[in-house]
Structures are given as C-alpha cells and as structure tokens.
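Remarks on the structure that follows.
In the working numbering, the protein residues as written are 54 to 198.
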C-alpha cells in the first residue's frame with residue numbers, strides 16, 4: 054500500500070539576462086526550459102506546455118501499465134500521442150482548454166480486458182483528476198503490429 058501524502062519537489066533558476074532557465078526535479082530530471090516560440094522562446098528547450106502534455110501522457114502510460122500488469126494483460130507496447138489546445142479562457146487569459154490523447158496498445162490478446170483497464174486508467178490517472186483541462190482519450194488495441 055502506498056503511504057500518502059507523497060511530496061514531489063523541484064527547483065528552478067532563471068537569470069535576468071537569460072531567456073531560458075534550469076529545472077531540476079526530485080526525480081532527477083534536469084533540463085533547460087524556455088517559453089514556446091509563440092511567446093518569444095526557443096524550440097531548443099522544452100516549454101512548460103511541453104511538460105504539461107508530457108505529464109498527462111506519462112500518467113496515462115504509468116497508470117495503464119500498472120493496472121495492466123496487475124491484471125496480467127498480455128501486451129507488447131503502449132504508445133501515446135497528444136494534441137493540446139491553448140485558448141483564451143472565460144476571463145480571456147490563455148489556458149490549455151482541452152487535450153486529445155491517442156493511446157495505442159499493441160500485442161493485446163484480450164481486448165475486453167484492455168478496455169476495462171482503459172476505463173480504470175481514466176478514473177485513476179491522478180494528473181487527469183488534478184487539472185481543469187478537458188482531456189479526451191482514445192484507446193486503440195491491436196493484436197498484431
């Protein structure tokens with residue numbers, strides 16, 4: 054059983070004269086960050102928006118994999134693609150309003166069990182539950198490549 058609460062920490066540093074900053078997480082991710090090109094940044098580094106979408110994808114994969122492995126689902130690989138839309142909210146400030154994720158699970162022997170695991174993933178992915186963004190997930194189960 055997992056002992057809650059779990060604390061995650063991070064550190065960032067940005068010098069006034071620089072247009073990028075360092076980011077380090079308690080899980081040993083170390084990277085340089087910058088705003089996206091649309092906001093005057095560079096595409097040489099990930100943006101906060103990149104990490105936002107990556108966190109959704111990673112949570113979906115981790116949750117699906119955890120449940121699938123516990124339920125002994127036979128599969129070979131899980132792949133995800135995400136498309137997120139930055140739009141103006143009701144207060145006219147930009148927000149990521151929606152995200153569409155495609156999850157492709159190959160080598161699935163039992164599609165019914167995979168579907169049940171997909172439903173459980175939607176209910177248990179805590180990143181889904183933690184954000185206002187409307188997230189639509191489409192699952193594709195393939196028995197062969």
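We put the beta carbon where it would ideally sit given N, CA and C, even for glycine.
Per the coordinates, the alpha-carbon of residue 66 lies some 25 angstroms from the alpha-carbon of residue 111. Inclusion of residue 133 and residue 156 in the CB contact set at 7 angstroms is warranted, their separation being smaller than that value. Taken in chain order, the whole alpha helix (DSSP H) runs of length 4 or more contained in the segment 63–114 number zero. Rounded to whole angstroms, the separation of the alpha carbons of residue 141 and residue 176 is 27 angstroms. In the DSSP assignment, residue 58 is bridged to no other residue.
Each residue's CA atom was taken as its position, placing residue 196 and residue 125 some 15 angstroms apart.
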